[in-house]
Every structure is written in C-alpha cells, then in structure tokens.
Amino acid sequence: MVTLLRLLSISTVLALSLLDRQPVFVNRATSSQLESLPGIGPAKAAAIIDFRDRFGPFTCTGDLLEVPGIGEGTLAMIESLIVIDNWESAFPDTSHWLPSTDSIENPIVEVAVLDIGEGDAILVRAGDGLTALVDAGPDDGGPVVPPVIIRLAMMGVEGVDIVMMTHPHDDHIGGMAEVIRDLGVSRVYDPCISFQSPAYIDFLEAVEETGCSFAVLDSGVVVRLSDEVSIRCLDSGSDASVDANLNELSAVMLVEAGDFSMLLPGDIEEEAEMRLAESARPVTAMVIPHHGSRTSDFPPLLRRLRPQIAVVSAGRDNPFGHPHSSVLERYEALGALVLRTDRRGSIFIRSDGRRISITSSM
Numbered sequence: 007m008v009t010l011l012r013l014l015s016i017s018t019v020l021a022l023s024l025l026d027r028q029p030v031f032v033n034r035a036t037s038s039q040l041e042s043l044p045g046i047g048p049a050k051a052a053a054i055i056d057f058r059d060r061f062g063p064f065t066c067t068g069d070l071l072e073v074p075g076i077g078e079g080t081l082a083m084i085e086s087l088i089v090i091d092n093w094e095s096a097f098p099d100t101s102h103w104l105p106s107t108d109s110i111e112n113p114i115v116e117v118a119v120l121d122i123g124e125g126d127a128i129l130v131r132a133g134d135g136l137t138a139l140v141d142a143g144p145d146d147g148g149p150v151v152p153p154v155i156i157r158l159a160m161m162g163v164e165g166v167d168i169v170m171m172t173h174p175h176d177d178h179i180g181g182m183a184e185v186i187r188d189l190g191v192s193r194v195y196d197p198c199i200s201f202q203s204p205a206y207i208d209f210l211e212a213v214e215e216t217g218c219s220f221a222v223l224d225s226g227v228v229v230r231l232s233d234e235v236s237i238r239c240l241d242s243g244s245d246a247s248v249d250a251n252l253n254e255l256s257a258v259m260l261v262e263a264g265d266f267s268m269l270l271p272g273d274i275e276e277e278a279e280m281r282l283a284e285s286a287r288p289v290t291a292m293v294i295p296h297h298g299s300r301t302s303d304f305p306p307l308l309r310r311l312r313p314q315i316a317v318v319s320a321g322r323d324n325p326f327g328h329p330h331s332s333v334l335e336r337y338e339a340l341g342a343l344v345l346r347t348d349r350r351g352s353i354f355i356r357s358d359g360r361r362i363s364i365t366s367s368m
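Below you can see the structure in the form of structure tokens.
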C-alpha cells in the first residue's frame with residue numbers, strides 16, 4: 007500500500023509539473039530548452055535547430071515529422087508542451103505573383119504542359135525565338151506514335167529546336183527518340199544518369215542517326231531560347247547520395263522570362279527537395295513533382311516556392327492514384343491555383359513578362 011501511494015504521489019507531482027511548466031516556443035527555442043522536452047536529447051535538439059535554420063520556421067507541429075529522428079511517438083510526447091510561434095514568417099509574400107488576364111496578344115513565352123497520360127512533356131516556346139521540349143512522355147507501350155507527337159501535331163508544332171531530359175524513366179523519355187527523328191531537333195541536353203533501358207538506348211541511337219549536337223545537362227547550365235527567355239538547370243542530381251533512386255537524380259529546371267518564372271522539377275523526391283529548398287526562391291508557376299506523388303511534397307520547399315499556379319501532369323485513372331489529395335491540399339493551402347492534365351487536358355501558360363494568361367484544351 008505504501009509503495010502504491012508513493013507511485014501515485016510521484017505521478018501526481020509529474021502531472022502538476024507538466025501543467026505548471028512554460029511551453030517551449032519551437033521557432034526560437036535554444037538547444038537546452040528543446041532538450042527539456044521528453045524524448046528530445048542533444049542529438050534531436052540539434053536536428054530541430056539545424057532544420058529550422060536551413061528551411062525556416064515550423065508552421066505546424068506536423069512539420070517536426072520532417073526532422074530526422076523525430077517520429078510519431080516523439081511528437082505525441084511533446085505536442086502538448088510546445089508552441090509553434092512566428093509561423094507567419096514562414097510564408098513569403100505574394101509580390102512575385104503576376105496579374106492574370108484572359109489573353110496576351112504578344113507573349114514572350116508559352117509553357118505548355120501536355121496531356122500525354124502518365125508522364126511529363128513540357129513545351130517551352132519563346133515568342134520570337136526557339137522551341138524547347140522538356141521530357142517527352144511515355145511511348146504508349148505499342149506500335150502507335152507516342153502521345154507527345156500527337157499533341158504537338160494538334161498544336162501545329164512542326165519543329166522542335168531543343169530537347170531536354172530531366173531523367174531517363176520511360177514516362178519521361180518514351181517519345182523522345184521519335185521527336186528527335188521527326189521534328190528536326192538540333193540540340194539535346196541529357197543529365198547523363200547511368201541507366202540502361204530500351205527507351206534510353208533508342209534515344210541515344212536517334213541522336214547518333216540525326217547528328218544533332220549533344221550536351222551534358224549540368225547544374226548551372228543556361229539554355230537561351232531568345233533574348234528574354236531562358237531555361238536554367240538548378241540541380242542535376244550531382245550532389246545526391248550514392249544510393250539515391252533515379253527520381254532523386256532528376257534535373258530541375260527553371261524557365262525565366264521577365265518577371266515570370268516556372269519550375270520544372272521532374273520526379274524529385276524528399277532528398278532532392280531538401281537540397282533545393284535551401285536556396286529556393288518564389289516562382290510564378292511550377293509543375294508539381296512526380297505527378298503529385300506523396301513522396302514529393304516537402305513542406306519547406308513549397309513554402310519557399312509559393313507558386314501562383316501548380317500544374318499536375320498525370321494520366322486519367324492511373325494505377326498509382328496520382329495526384330494524391332494530401333499533396334494537392336498542401337498547394338491549395340498556400341493559395342496556389344492547381345490545374346490537372348487528367349481533368350483539363352493540356353495546360354497553356356503564357357506571359358509577356360509582366361502578366362500571365364492560362365488556358366487549357368478541355
């Protein structure tokens with residue numbers, strides 16, 4: 007009985023001490039303050055501070071799950087003892103968002119996210135310059151012409167000057183060889199990821215057959231389509247860990263034209279998103295990574311990009327469940343206009359460098 011009473015007394019004291027303790031303000035807490043929380047030792051406290059310094063303030067308790075070493079169990083122990091303070095500063099302003107209009111008579115750039123099923127194919131056209139195709143979608147698994155060829159023909163595109171690859175998965179390069187052979191491509195940019203597949207071998211053979219020039223797509227490469235329009239490679243996956251999967255090695259590109267910018271991230275997942283987030287700047291528009299997969303929605307990156315428009319390229323009734331609703335909700339919570347090729351068809355974004363207009367094929 008004495009032992010039971012002693013245990014009850016100890017538990018009562020602990021409960022009262024937890025009620026009386028001051029909450030820990032996570033976004034300005036010191037290491038010692040964080041270490042005072044149950045389950046948070048020096049290593050986890052250091053990880054929280056490092057994450058906060060690299061990616062900005064936490065906006066909700068769930069953000070802590072992105073910190074290495076913090077799991078559901080740890081979060082459950084500390085959730086009632088912490089306060090997410092100064093969360094407003096985690097959101098950049100929207101001064102980079104551009105006025106929207108129904109049409110732009112003389113756009114300096116048009117970015118078309120093509121409706122090619124489950125995959126990516128993005129056409130970038132400079133008003134008075136060159137045309138570039140970033141990725142070329144799937145080959146549709148048969149003898150028929152790839153969907154990208156059909157979509158380009160429907161747009162009246164008779165030639166493509168430049169082809170650029172994010173990574174050599176079939177849903178991104180399945181139609182690339184045919185584009186090179188049929189549309190007069192003069193230059194190809196390849197991140198040169200070591201990967202062997204029939205589609206990639208066919209791509210290399212098409213480059214050799216046609217004699218178009220070949221360049222390595224490295225971080226920092228800038229491809230100019232006109233005096234006003236360029237495509238910049240922000241990351242080519244060269245800093246990825248040795249065991250990173252092919253998606254993590256995707257080249258990340260940024261289309262720039264005056265005040266307009268659009269991010270083309272391929273299929274990057276959390277490792278690449280964390281790397282990109284440290285230097286990310288706000289964009290006007292972006293393609294949502296990896297067709298809206300749950301593996302590609304690192305919150306600090308989204309907050310730093312704060313896109314005005316977010317486009318999902320996904321196939322109708324695809325077997326992967328893309329795009330996942332939780333991913334779309336993250337973008338919508340930031341105020342982004344979310345557009346889907348599986349519902350709207352090809353998405354066309356045009357800009358004169360100061361304004362934007364958005365149309366779709368459906």
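Numbering (my numbering), first residue to last: 7 to 368.
Note that the Cβ used here is the ideal one computed from N, Cα and C, for glycine as well.
Classified as exposed, Q202 has fewer than 16 neighbouring CB atoms from the shown chains inside 10 Å of its CB. Nearest neighbour of D348 by Cα position, chosen from A205, D121, D59, A221, turns out to be D121. Nearest neighbour of V154 by Cα position, chosen from H175, D126, R131, turns out to be D126. With a 10 Å radius around the Cβ and a threshold of 16 neighbouring Cβ atoms, N251 comes out exposed. For S267, DSSP records a beta bridge to E262. For D241, no alpha helix (DSSP H) encloses it; the enclosing beta strand (DSSP E) starts and ends at 235 to 241.
Bridge pairing for F220: V194 [DSSP].
Contact annotation: the stretch 96 to 113 touches the stretch 352 to 367, with at least three C-beta pairs closer than 8 angstroms. In the three-state DSSP reduction, A283 falls in the helix class (H, G or I). Taking the CA atoms as reference points, A263 sits about 20 angstroms from M171. Looking at the DSSP output, T137 sits in a beta bridge with R131. When C-alpha distances from L282 are compared across I55, G45, R60, the shortest belongs to R60. Listed as beta-bridge partners of R356 by DSSP are E116, S363. S332 sits in a helix when the DSSP states are folded into three classes.
Two segments are said to touch when three or more pairs of C-beta atoms, one from each, lie closer than 8 angstroms; by this definition the stretch 254 to 262 touches the stretch 232 to 241.
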